[in-house]
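Step one of this worksheet: look at the structure below.
Numbering (this note's numbering), first residue to last: 424 to 743.
Laid out in structure tokens, this is it:
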């Protein structure tokens with residue numbers, strides 16, 4: 424019986440994923456190795472496939488130690504932790520898991536918007552603390568109806584968020600690298616879009632090109648009544664500028680699922696009643712994570728069959 428190809432697993436996986444990996448590959452778990460450098464030196468040339476996720480990607484030292492790598496399958500839609508251009512230049516395919524998480528990430532964005540606007544966390548605390556009995560009704564919140572919603576990034580998830588926002592009779596604007604054939608209004612200038620928006624929702628890819636795209640100027644344009652929602656990457660928002668604007672009342676509120684140095688979150692944000700914080704749970708439902716895991720495995724299985732993957736990242740589509 425021929426030897427199974429060797430796969431390097433970076434990060435954790437579900438039992439369901441592990442069973443599928445082991446059925447088709449000899450699996451090596453990077454983080455189980457007591458001496459990473461020694462392991463890579465010994466086994467690196469044998470590894471043809473990598474299974475990773477959007478957080479870990481493929482570190483430079485690992486990539487350099489895998490001269491015979493042919494395919495990387497990443498669990499997640501974001502792949503900024505992988506040098507996709509560099510990998511593609513070597514003829515290596517990179518796959519990710521788009522589409523299967525569109526609905527849940529969009530739902531999370533809307534959930535954060537509603538929670539900030541309607542003061543959900545303070546309202547919950549108002550009841551639990553006894554303030555409702557002792558002090559009566561809490562201050563009024565802000566409606567989500569008929570708002571202008573600006574979406575930063577207008578790929579599949581951005582367009583799903585736009586569909587959700589329409590349910591609240593929102594006027595939807597979007598900023599992207601180029602105008603799309605969609606009914607929503609395009610803004611080439613992000614700051615101008617922020618100025619026109621009541622709510623700004625970030626769902627653009629991470630990476631160097633979008634680092635601190637939401638800077639002090641954009642935040643100031645959104646203004647003291649505006650709300651910033653980030654379900655993209657923490658690096659997209661200048662976190663220090665955000666904290667300052669919220670502290671000084673130059674921004675009305677924020678709903679944040681991602682952070683610059685997660686899981687570390689600035690203490691100042693934790694103290695603010697007009698900020699809702701969630702621990703990067705955009706796609707974190709049983710159903711969606713199972714679909715993501717299945718697609719991660721499906722991409723590897725497809726590669727073993729015919730050298731292609733089902734959902735390559737754009738940089739690698741020319742290799743198929």
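Glycine included, every Cβ here is placed at the ideal spot set by N, Cα and C.
{"Query": "Got a sec, what are the start and stop residues for the beta strand (DSSP E) residue 516 sits in?", "Result": "516-518"}
{"Query": "For residue 476, does the three-state DSSP call read helix, strand or coil?", "Result": "strand"}
{"Query": "Check residue 452 in the structure and name its three-state DSSP category.", "Result": "strand"}
{"Query": "Is it buried or exposed for residue 495, if we count other Cβ within 10 angstroms and need 16 for buried?", "Result": "buried"}
{"Query": "Identify which residue in 470, 498, 465 and 491 has its Cα closest to the Cα of residue 440.", "Result": "498"}
{"Query": "Thinking C-alpha only, which one of 529, 685 and 490 is nearest residue 586?", "Result": "529"}
{"Query": "Could you give the distance in angstroms between the alpha-carbon of residue 661 and the alpha-carbon of residue 728?", "Result": "44 Å"}
{"Query": "Where does the unbroken alpha helix (DSSP H) through residue 433 begin, and where does it stop?", "Result": "It is not in any alpha helix (DSSP H) - residue 433 carries neither H nor E in the DSSP assignment."}
{"Query": "Which residues in the same chain as residue 707 place their Cβ atom closer than 8 Å to its Cβ, once the five residues preceding and following it in sequence are excluded?", "Result": "527"}
{"Query": "Rounded to whole angstroms, what's the CA-CA distance from residue 550 to residue 540? Just pull it up for me.", "Result": "18 Å"}
{"Query": "Taking the alpha helix (DSSP H) that residue 742 falls in, what are its first and last residues?", "Result": "Looking at the DSSP string, residue 742 is not in any alpha helix (DSSP H), and its letter there is neither H nor E."}
{"Query": "Among 444, 429 and 723, which has the Cα closest to the Cα of residue 490?", "Result": "429"}
{"Query": "Quick one: what's got a C-beta closer than 6 Å to residue 635's C-beta in the same chain, skipping five residues either side?", "Result": "661"}
{"Query": "Does the stretch 692-702 touch the stretch 713-721, meaning 3 or more C-beta pairs lie closer than 8 Å?", "Result": "no"}
{"Query": "Report the option in 682, 681 and 610 whose CA atom is closest to the CA atom of residue 574.", "Result": "610"}
{"Query": "How close, in whole Å, do the beta carbons of residue 637 and residue 659 come, if the pair is a contact with beta carbons under 8 Å?", "Result": "6 Å"}
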